[in-house]
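These notes concern the structure reproduced below.
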Amino acid sequence: MVSKNYLVEITPYRLEVCQPIKGLEIQIGDVVLIRSDEGEDTARVIQEVDEEDIYGLIMKIADESVMKRREELDREAEQFLRKFIEMIKQFNYPMKPVHVHHQFDGRRVIFYFTADHRIDFRKLHKAISREIKKRTVIKQVGIRDYVKKFGGIGICGRELCCATFLKEFKSIPLRVAREQNLYFSPQKISGYCGKLICCLSFEEDLYREARTYFPPIGSRLRIDNQEAEVVGTDVFNRKVHLKFKNGREMIVDLKWLRRKKLLS
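In numbering that gives the first Met the number 0, the protein residues as written are 0 to 263.
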């Protein structure tokens, strides 16, 4: 019988694949005790996976004593986080702490932060290690990962896509917004993470295909012996915005242009 492997969440920013010890029955959502080369820790079971690259073993489902110890460690971690925040201010680092995790066996404390740029935090690392007298790890997480984990409401009034169903982040250039005639400042079409909203990419292929039926922006047409430049298109309403040399502007149906045989 092939052993089942599970994806577990050790921290909001760390997922690993673990395998239960023989005879241990696991349910999705269980809090479990895992053991790896890094020591013992608690984690929540997320889903069953086919991956065979194992991080560690699931030793048991967390009982009352494990959960009590976890609560104690979390309280201690909050104290460590307060010291961490004080030191960030002391060193004047442009970083925002977002999470702290105290490993179950007490061997190390992991601090997570976000920042606009890469941060050289070696001085901070030495200082916090001395202060809390623990082996510490400091990790920078992307702002998108932070927003994805904690969620929010988008400008559309619905839950953020990244927090509900998006599995991967796609880089969205400003060109995509321009292709959809969204001539707003980037701030107005950006999400909590400061990046252009992911939903712009949902209709990118639709717009690209639709534009094959439209004259390109900047192209010129001759209408009633007058030259007009295509200055805009409305894909959904199938309209073309024209501007003549004398300054006159005109919005016409795409069908009208085709009927006039001005387009192939």
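Glycine included, every Cβ here is placed at the ideal spot set by N, Cα and C.
Quick one, which of the options has its alpha-carbon nearest residue i's?
i    : options                : result
K254 : D233, R134, K138, V44  : D233
K148 : F164, I60, D29         : F164
K3   : T10, L32, V44          : V44
C197 : L173, K169, Y212, R219 : K169
D119 : E71, L6, Y54, I87      : I87
D36  : I53, Q186, R221        : I53
Y12  : P19, K125, V146, V65   : V146
S128 : A114, G141, F110, I250 : F110
K244 : G28, G231, Q225        : Q225
E202 : G190, F235, Y191, Y212 : F235
I142 : K122, Y191, Q186       : Y191
R74  : P93, H100, H124, E50   : H100
V7   : G22, T41, I20          : T41
So, is residue i buried or exposed, given that buried needs 16 or more other C-beta atoms within 10 angstroms?
i    : result
D62  : exposed
G193 : exposed
G151 : exposed
G246 : exposed
V31  : buried
F79  : buried
M0   : The pLDDT assigned to M0 is 49, lower than 50, so where the model puts this residue is not dependable; a value taken from the coordinates is nonetheless given after this. Its Cβ having fewer than 16 others within 10 Å, M0 is exposed.
P185 : exposed
L173 : exposed
V230 : exposed
I27  : exposed
Residue i lies in the beta strand (DSSP E); which residues open and close that run?
i    : result
M66  : Counting along the chain, M66 falls outside any beta strand (DSSP E), though it belongs to the alpha helix (DSSP H) covering 63–90.
S35  : 30–35
C17  : 13–19
E39  : 38–48
K306 : Nothing about residue 306 can be reported from this structure: the residues present for the chain run from 0 to 263 only.
A176 : Unbroken run through A176 is the alpha helix (DSSP H), 173–178; no beta strand (DSSP E).
R117 : That residue, R117, is in no beta strand (DSSP E); it is neither H nor E in DSSP.
E167 : From DSSP, E167 is part of no beta strand (DSSP E); its letter is neither H nor E.
K133 : Element bounds for K133: n/a, residue is neither H nor E.
K59  : 55–60
Would you kindly work out how many angstroms separate the C-alpha atoms of residue i and residue j, rounded to a whole number?
i    : j    : result
C17  : L56  : 5 Å
I188 : I154 : 8 Å
V90  : L14  : Position check: residue 90 holds Phe in this sequence, whereas Val was assumed. Taking the straight line from one Cα to the other gives about 31 Å.
V48  : Q139 : 27 Å
K166 : H98  : 21 Å
H318 : D144 : It is not possible to answer for residue 318, since the shown part of the chain is limited to 0 through 263.
F112 : P96  : 4 Å
K242 : A176 : 22 Å
L256 : E158 : 41 Å
S64  : E71  : 11 Å
D223 : I171 : 41 Å
R221 : A227 : 6 Å
I25  : Y92  : 43 Å
Residue i lies in the alpha helix (DSSP H); which residues open and close that run?
i    : result
I142 : 142–149
I9   : That residue, I9, is in no alpha helix (DSSP H); its beta strand (DSSP E) goes 4–10.
E203 : 203–209
R247 : Counting along the chain, R247 falls outside any alpha helix (DSSP H), and DSSP gives it neither H nor E.
L256 : 253–258
Decide if the stretch 204–218 is in contact with the stretch 177–187; the criterion is three or more beta carbon pairs, one per stretch, under 8 Å apart. yes
Do the stretch 100–113 and the stretch 123–143 meet, that is, are 3 or more Cβ pairs less than 8 Å apart? yes
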